[in-house]
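Input: a single structure, listed below in structure tokens.
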Amino acid sequence: MIRFEGISKIYSTDVVLKNINWEIKKGEKVGLVGSNGAGKSTQFKILIGEEEQTSGTIIKEGNPKIAHLKQEFDCNLNFSVRQELESSFKEIQIVAIKLLEIENKMKSLDIKKHSGELEIFVNQLAKYQAKFEALGGYKMQSDVEKILPKLGFSMEDADKLVGNFSGGWQMKVALGKIILQKPDLLLLDEPTNHLDLDTIFWLEEYLSSLKIAVVIISHDRYFLDKLCKKIIFVDRGTSEIYNGNYSFFIEQKSLNEESQNKAYQLQQKEIEIQKRYIDRFRASATRSSQAKSREKQLTKISKIEAPRANSKSPVFNFPECPRSGRLVLNIKNLCHSFEDKILFLDVNLKISSGEKIAILGPNGCGKSTLLKIIMKKISPEVGEINLGKHNIIPSYYEQNQAEALSLEERVIDLIFAKSPEWSQKKVRTFLGGFGFQNETVFKYIKQLSGGEKARLALALMIINPSNFLLLDEPTNHLDLQSKENLELAIKNYKGSSLIISHDRYFISKVANRIVEIKDSNLFSYDGNYEYFLEKTQSHKKV
Numbered sequence: 319m320i321r322f323e324g325i326s327k328i329y330s331t332d333v334v335l336k337n338i339n340w341e342i343k344k345g346e347k348v349g350l351v352g353s354n355g356a357g358k359s360t361q362f363k364i365l366i367g368e369e370e371q372t373s374g375t376i377i378k379e380g381n382p383k384i385a386h387l388k389q390e391f392d393c394n395l396n397f398s399v400r401q402e403l404e405s406s407f408k409e410i411q412i413v414a415i416k417l418l419e420i421e422n423k424m425k426s427l428d429i430k431k432h433s434g435e436l437e438i439f440v441n442q443l444a445k446y447q448a449k450f451e452a453l454g455g456y457k458m459q460s461d462v463e464k465i466l467p468k469l470g471f472s473m474e475d476a477d478k479l480v481g482n483f484s485g486g487w488q489m490k491v492a493l494g495k496i497i498l499q500k501p502d503l504l505l506l507d508e509p510t511n512h513l514d515l516d517t518i519f520w521l522e523e524y525l526s527s528l529k530i531a532v533v534i535i536s537h538d539r540y541f542l543d544k545l546c547k548k549i550i551f552v553d554r555g556t557s558e559i560y561n562g563n564y565s566f567f568i569e570q571k572s573l574n575e576e577s578q579n580k581a582y583q584l585q586q587k588e589i590e591i592q593k594r595y596i597d598r599f600r601a602s603a604t605r606s607s608q609a610k611s612r613e614k615q616l617t618k619i620s621k622i623e624a625p626r627a628n629s630k631s632p633v634f635n636f637p638e639c640p641r642s643g644r645l646v647l648n649i650k651n652l653c654h655s656f657e658d659k660i661l662f663l664d665v666n667l668k669i670s671s672g673e674k675i676a677i678l679g680p681n682g683c684g685k686s687t688l689l690k691i692i693m694k695k696i697s698p699e700v701g702e703i704n705l706g707k708h709n710i711i712p713s714y715y716e717q718n719q720a721e722a723l724s725l726e727e728r729v730i731d732l733i734f735a736k737s738p739e740w741s742q743k744k745v746r747t748f749l750g751g752f753g754f755q756n757e758t759v760f761k762y763i764k765q766l767s768g769g770e771k772a773r774l775a776l777a778l779m780i781i782n783p784s785n786f787l788l789l790d791e792p793t794n795h796l797d798l799q800s801k802e803n804l805e806l807a808i809k810n811y812k813g814s815s816l817i818i819s820h821d822r823y824f825i826s827k828v829a830n831r832i833v834e835i836k837d838s839n840l841f842s843y844d845g846n847y848e849y850f851l852e853k854t855q856s857h858k859k860v
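If you count the sequence shown from 1, you need to add 318 to reach this note's numbering.
Below you can see the structure in the form of structure tokens.
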């Protein structure tokens with residue numbers, strides 16, 4: 319259906335894409351993966367015509383219709399759900415507005431005085447009604463009513479303002495608008511960002527039911543595993559194709575790299591042997607012809623490419639944590655509300671040393687509020703929240719911590735402010751572990767990308783030793799390799815952790831206990847994420 323052949327994209331300061339080759343067939347669901355800055359979103363922009371490739375060819379068979387669901391949902395918050403869905407039919411909307419104008423003019427017309435004008439309006443009305451029908455206006459209304467329940471909206475919801483719904487529901491409206499246009503190819507850029515688990519489950523099921531081709535940029539590994547049967551890996555401007563899901567890609571990529579490394583080492587060893595023979599017998603009266611023959615063969619050998627070193631990713635080495643007492647946190651009879659909503663009603667929770675707890679629950683249920691109450695950024699209405707008495711040192715990463723950094727500060731100065739006794743060499747070495755190399759340490763915060771800000775915020779949290787981590791969506795903006803490194807760091811961390819995350823793969827790797835917020839209460843499951851799913855029996859209960 320669509321094929322990229324030798325696509326490159328060169329900016330004045332950077333080569334983003336060098337040689338991209340891949341194909342999307344009808345109905346395929348494909349994952350487009352790679353580190354931040356690898357050029358994934360650039361390929362989407364080239365596909366939809368927002369940018370032009372520097373070289374290469376895009377072949378489109380049958381002029382397929384392409385739709386793009388961006389990270390920032392394109393919704394008018396002042397429209398009703400029905401109006402917003404209908405707004406995807408732009409031509410029909412223009413005719414509908416014209417019909418409304420004519421009808422309003424007819425209502426305000428004095429028929430006795432202006433009978434001639436009435437006839438004109440009646441003719442215009444007939445003309446635009448015919449056009450409305452020809453464009454499929456009545457079918458549009460039917461299509462909108464059919465898609466509402468598929469998106470999870472009731473008929474009563476259809477007349478409520480889009481702005482009254484959460485981000486997850488707004489995503490459904492934005493997706494519904496696109497599906498109503500009947501595209502042949504759907505492009506999704508980080509569609510699970512900021513969605514709660516319920517909505518992610520819904521999105522997986524909904525996309526699975528679609529018969530159209532879908533290309534997904536995502537750092538959600540469970541999501542990619544569930545939906546994609548092909549992975550396109552983008553690294554340093556080139557692409558590799560893996561015919562399988564994300565887990566297959568990881569396994570096969572590792573095997574390929576291992577095989578290539580072995581072949582490369584063997585070839586280098588053989589080349590070295592041949593070079594030594596040539597050097598030894600080049601001037602020999604009896605063996606010089608053999609040496610020359612081997613030298614000629616050496617120039618013709620097909621060289622195996624040296625394995626590419628993995629791109630630098632943050633190391634996330636937590637400092638050695640001080641020992642603490644067994645009781646880390648004790649919450650007793652907590653009651654708290656936000657506006658008219660009761661978040662917690664007489665809840666209790668104890669955390670022991672070494673526990674790594676993931677807090678789950680839908681958006682708006684109070685997960686972030688709970689961490690703020692523990693850190694005394696919010697006072698509880700009722701109840702006691704106490705850290706353990708024996709050397710509990712908390713360290714807190716807020717969900718918007720990256721955005722809260724001072725824009726006019728430089729990266730290196732923020733680290734010096736936290737650890738003024740460090741030498742510049744130590745600071746630069748520390749920052750190097752988080753992907754800040756060479757002159758990038760002197761960048762101002764306002765010059766950093768979202769991923770760079772997130773890495774810096776985590777670095778600032780890690781500097782000082784602690785034994786109780788409170789992390790609110792720590793994987794937001796991190797690429798897949800960075801997530802894996804953070805998983806490893808938390809698994810090796812000797813202290814306790816309380817983590818909010820919607821990344822199921824991340825939760826499954828780091829949590830040994832799950833706490834679910836539901837119906838203003840806390841429900842504890844003494845096991846990992848898979849144990850939690852097993853006990854709740856159905857993801858609909860998440």
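C-beta atoms are modelled at their ideal positions from N, C-alpha and C, and glycine is treated no differently.
Measuring alpha carbon to alpha carbon, tell me which residue in the options is nearest residue i.
| i | options | result |
| --- | --- | --- |
| Leu851 | Ile420, Phe519, Gln499 | Phe519 |
| Leu661 | Leu652, Leu667, Lys668 | Leu652 |
| Glu716 | Ser686, Leu335, Glu702 | Ser686 |
| Asn785 | Val440, Gly672, Leu840, Arg831 | Gly672 |
| Ile675 | Val633, Tyr847, Asn794 | Tyr847 |
| Leu418 | Asn396, Glu437, Phe450 | Phe450 |
| Asp837 | Gly679, Lys431, Glu726, Leu796 | Gly679 |
| Ser737 | Val665, Ile780, Lys347 | Ile780 |
| Glu739 | Lys580, Lys694, Lys761, Asn782 | Asn782 |
| Leu725 | Arg605, Gly706, Arg321, Gln765 | Gln765 |
| Met489 | Tyr524, Leu663, Lys431 | Tyr524 |
| Leu796 | Leu503, Phe634, Gln570 | Phe634 |
Can you name, in chain order, every residue of its own chain whose Cβ lies under 6 angstroms from the Cβ of residue i, other than the five neighbours on each side?
| i | result |
| --- | --- |
| Glu369 | Lys363 |
| Lys327 | Val334, Leu335, Thr360, Gln371, Thr372 |
| His857 | Legend: pLDDT at His857 = 47, less than 50; position of this residue unreliable, no value from coordinates given. |
| Met424 | Phe439 |
| Lys859 | Caution is warranted here: a pLDDT of 44 is assigned to Lys859, below 50, making its placement in the model unreliable, and the coordinate value is therefore given only provisionally. Around Lys859: no qualifying Cβ. |
| His386 | Ile366, Leu505 |
| Tyr811 | Phe636 |
| Leu667 | Ile649, Leu840 |
| Gly768 | His795 |
How far does the beta strand (DSSP E) with residue i in it extend, from its first residue to its last?
| i | result |
| --- | --- |
| Lys674 | 674-678 |
| Tyr843 | 839-843 |
| Ile835 | 831-836 |
| Pro712 | 712-715 |
| Lys336 | 333-342 |
| Leu479 | Leu479 -> no beta strand (DSSP E), and no H or E assigned at all. |
Is the beta carbon of residue i sitting closer than 8 angstroms to the one on residue j?
| i | j | result |
| --- | --- | --- |
| Phe567 | Phe551 | yes |
| Ile325 | Ile342 | no |
| Leu335 | Gly555 | yes |
| Leu798 | His537 | yes |
| Gly562 | Lys544 | no |
| Glu805 | Val828 | yes |
| Ser398 | Asp477 | yes |
| Ala775 | Gln719 | yes |
| Lys388 | Asp507 | yes |
| Arg539 | Tyr560 | no |
| Gly470 | Asn681 | no |
| Lys416 | Tyr446 | yes |
| Ile599 | Ala807 | Position check: residue 599 holds Phe in this sequence, whereas Ile was assumed. Not in contact: Phe599 and Ala807 (Cβ atoms no closer than 8 angstroms). |
| Phe752 | Ile730 | no |
| Ser642 | Ile710 | yes |
| Ile420 | Leu443 | yes |
I'd like the span of the alpha helix (DSSP H) that includes residue i, first residue to last.
| i | result |
| --- | --- |
| Ser686 | 685-692 |
| Leu652 | Run containing Leu652: none in the alpha helix (DSSP H); it sits in the beta strand (DSSP E), 645-656. |
| Gly357 | Note, Gly357: premise wrong, no alpha helix (DSSP H); not H, not E. |
| Ala581 | 564-599 |
| Phe391 | Premise fails: Phe391 is in no alpha helix (DSSP H) and is neither H nor E. |
| Phe662 | Segment 659-670 is the beta strand (DSSP E) holding Phe662; no alpha helix (DSSP H) there. |
So, for residue i: in the same chain, excluding its five sequence neighbours on each side, which residues have a beta-carbon less than 7 angstroms away from its beta-carbon?
| i | result |
| --- | --- |
| Ser330 | none |
| Ile692 | Leu647, Ile703, Leu788 |
| Ser655 | Leu661, Glu699 |
Can you list, in chain order, the residues of its chain whose CB lies under 8 angstroms from that of residue i, leaving out five sequence neighbours each side?
| i | result |
| --- | --- |
| Lys853 | Tyr843, Gly845 |
| Glu402 | Cys393, Asn394, Val480, Val491, Lys495 |
| Glu791 | Gln717, Ile818, Ser819, His820 |
| Gln461 | Before going on, a small fix: residue 461 reads as Asp here, not Gln. So the qualifying residues of the chain are Leu498. |
| Leu616 | Ile589, Gln592, Lys593, Ile596 |
- Item | Length at least 4, wholly inside the stretch 490-557: the alpha helix (DSSP H) runs in chain order | 515-527, 539-545
- Could I get the ranges of all uninterrupted alpha helix (DSSP H) runs contained in the stretch 763-801, with 4 residues as the minimum, in chain order? 768-781
- Could you name each continuous alpha helix (DSSP H) segment of 4 residues or more that falls completely within the stretch 437-472, going from the start of the chain to the end? 455-469
- Message: As an exercise, report each continuous beta strand (DSSP E) stretch of at least 3 residues that is fully enclosed by the stretch 382-427, in chain order.
- Response: 384-387
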